[in-house]
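> So the sequence shown is residues 109 to 455, counted in our numbering.
Shown below is the structure under consideration.
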Amino acid sequence: MRNIESMIRPCIFKLHPYSSARDEFHGKASVLLDANENPFDTDYNRYPDPHQLELKEKISRIKRVRPENLFLGNGSDEAIDLSFRIFCNPAEDNVVALNPTYGMYEVCAEVNDIEYRPVDLNAEDFSFTASSVMKACDDRTKMIFLCSPNNPTGNLLNREEIYKILDSFDGIVIIDEAYNDFSGEKSFIGDLDKYSRLIVFQTLSKAWGGAGIRLGMAFASEEIISYYNRVKYPYNINRLTQSAALKILSEEEKMRAKLERILSERDRMFVELQAVPTVEKVYPSKANFFLIKIKEGRADDVYGYLINDEVVVRNRTNVDLCSGCLRVAVGTPAQNNKLLSDLKNFK
Ligand SMILES: *Cc1c(COP(=O)(O)O)cnc(C)c1O
109 MRNIESMIRP CIFKLHPYSS ARDEFHGKAS VLLDANENPF DTDYNRYPDP
159 HQLELKEKIS RIKRVRPENL FLGNGSDEAI DLSFRIFCNP AEDNVVALNP
209 TYGMYEVCAE VNDIEYRPVD LNAEDFSFTA SSVMKACDDR TKMIFLCSPN
259 NPTGNLLNRE EIYKILDSFD GIVIIDEAYN DFSGEKSFIG DLDKYSRLIV
309 FQTLSKAWGG AGIRLGMAFA SEEIISYYNR VKYPYNINRL TQSAALKILS
359 EEEKMRAKLE RILSERDRMF VELQAVPTVE KVYPSKANFF LIKIKEGRAD
409 DVYGYLINDE VVVRNRTNVD LCSGCLRVAV GTPAQNNKLL SDLKNFK
C-alpha cells in the first residue's frame, strides 16, 4: 500500500506555502500594522482568521473530531477542487466515480486535466458493487469518489461495499456526505481512525440551511488535512461566513426541528407523488429530494409546464440512467402542495 506522502503531487509535497501576516504573528496585539489593512473601522477592515480557529473548535465539538482533522472550504466545491490539485498529476492520473453522481467531480477533473472514469450504477435501484469500481481502477487511479446519499438518485450506497473499497483500494477514498443528516445513517467520520486514506466531505449547505454562506467541511487524517491547508488560499473563509457559520451552528436545535419537518414532508411526498397519474416512478430517497420518472417520455413537457407556473425543479432527463427523470427537492408543505397540484393538472 502506498503511504500518503507518495500519493501527494511532487510540486505540492515540496511547496513552501504562502505565509500570511496573520500566520506569522500570534498573541495579543493592540496595534496591527502587519497586513497593510485600512486602520479605520468598517467592521470588515481586518482580514479574517486564516485558520478559522473558533469555527473549527465549534465544528469539532459537534462532530466529535479534533480541529486538526478538519479542513474548511468555500463550499465543498473548494474541497473537491483542492483534492485534485493535491493528489492528481495532470495528464497522468485518473479518478473513478459512480455514474450518475454530483457533477462537480467531473468538472473539477476536467479543469485539472485528470481523466475521469465513471462507473455506472445499477440501472434499477442505483446500487453499486465494490468490484465494479475496483475494475475501473489502475495504478494511476488516485481517488475514488462515493456520494452517499447519492445526488441525483437519492439512495444510500451500501456500507459493506464501501468498506470493501476502503479495505482494498490503494489510494484516496472520498465519501461525500452532503446529505448525511437526512439519511439517519452513521457518518463515515467514525471510520477515520481506521482508514488513513479516507476523506469525508460534509457541508453547511443542505440540512444546516447555510447554502448562501458557502462553507464546506473535509474530515481526514491530520496528515491529509495539512496538505489542504497548504494549498488553500490563505483567507479562503471570509469574515462574514465565519461569523454566520458560528451563529448557524449554535442553533442546532432549530436545525433539528426543521430537519424533522423536511423528513415528514419527504414521507408524505413519497406517497403523494406516486399517486400522481403522470408519475411513473418515485425513487426512494434518503436525502432531501426525489428523483421522479415521468410517464411516456414527457419529462421535458412537465418541466416546462412547472416553469410556466414558476415552479423550478431540476431536469435530469439527459443524465445517464435518468432519462425521463426530474429531481425535486422537498420544500415546505405549501411549496410541495403547489408542486403536487401542478403535476396533477398536467395533461
Ligand atoms: C449540494 C452538494 C454539495 C454541497 O456543495 P457546497 O459547495 O458545500 O454547497 C456537495 N456534494 C453534493 C453531492 C451535493 O449535492
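Every residue gets a Cβ at the ideal spot worked out from N, C-alpha and C, and that includes glycine.
So the alpha helix (DSSP H) Leu274 belongs to, where does it begin and stop?
Leu274 -> alpha helix (DSSP H) spans Arg267 to Ser276.
> Please report the distance separating the alpha-carbon of Gly324 from that of Lys272.
Spanning the two alpha carbons is a distance of roughly 27 angstroms.
> Indicate, with yes or no, if ligand 1 has a heavy atom lying under 6 angstroms from the CB of Ser184.
Checking the Cβ of Ser184 against ligand 1 gives yes.
> For the pair the stretch 385 to 394 and the stretch 253 to 266, tell me if three or more CB-CB distances fall below 8 angstroms.
Touching, per the Cβ criterion.
> How would you write the range of the alpha helix (DSSP H) that Lys389 sits in, first residue to last?
Not the alpha helix (DSSP H): Lys389 falls in the beta strand (DSSP E), residues Val387 to Val390.
> Could you check how far apart the C-beta atoms of Phe327 and Val308 are, in whole angstroms? I think they sit under 8 angstroms.
With a Cβ gap of about 4 angstroms, Phe327 and Val308 count as contacting.
> So, for Leu371: in the same chain, excluding its five sequence neighbours on each side, which residues have a beta-carbon less than 8 angstroms away from its beta-carbon?
The answer, listed in chain order, is Phe290.
> Note down the Cα distance separating Ile332 from Arg193, rounded to an integer number of angstroms.
Their Cα atoms are separated by approximately 13 angstroms.
> Mind reading off the beta-carbon distance from Leu229 to Leu254? Whole number of angstroms is fine, and I expect it under 8 angstroms.
Incorrect: roughly 11 angstroms between the Cβ atoms, too far for contact.
> Report buried or exposed for Lys314, applying the criterion of at least 16 other Cβ atoms within 10 angstroms of its Cβ.
With 16 or more other Cβ atoms within 10 Å, it is buried.
> Does the distance between the C-beta of Ala286 and the nearest non-hydrogen atom of ligand 1 fall short of 6 angstroms?
Checking the Cβ of Ala286 against ligand 1 gives yes.
> Just to confirm before moving on: does the CB-CB distance between Thr425 and Lys403 stay below 7 angstroms?
No, these two residues do not count as a Cβ contact at 7 angstroms.
> So for Gln160, helix, strand or coil by DSSP?
Coil, per DSSP.
> Just how far apart, CA to CA, sit Ser351 and Ile321?
About 10 angstroms.
> Pick helix, strand or coil for Ile402, following the three-state DSSP scheme.
Three-state DSSP puts Ile402 in a strand.
> Would Tyr155 and Ala143 qualify as a contact pair, given that the criterion is a beta-carbon distance under 7 angstroms?
The answer is yes: Cβ separation under 7 angstroms.
> Does the distance from the CB of Ala244 to the CB of Val215 come in under 7 angstroms?
No.
> What's the call for Tyr152, buried or exposed, on a 16-neighbour Cβ count within 10 Å?
With fewer than 16 Cβ atoms within 10 Å of its Cβ, Tyr152 is classed as exposed.
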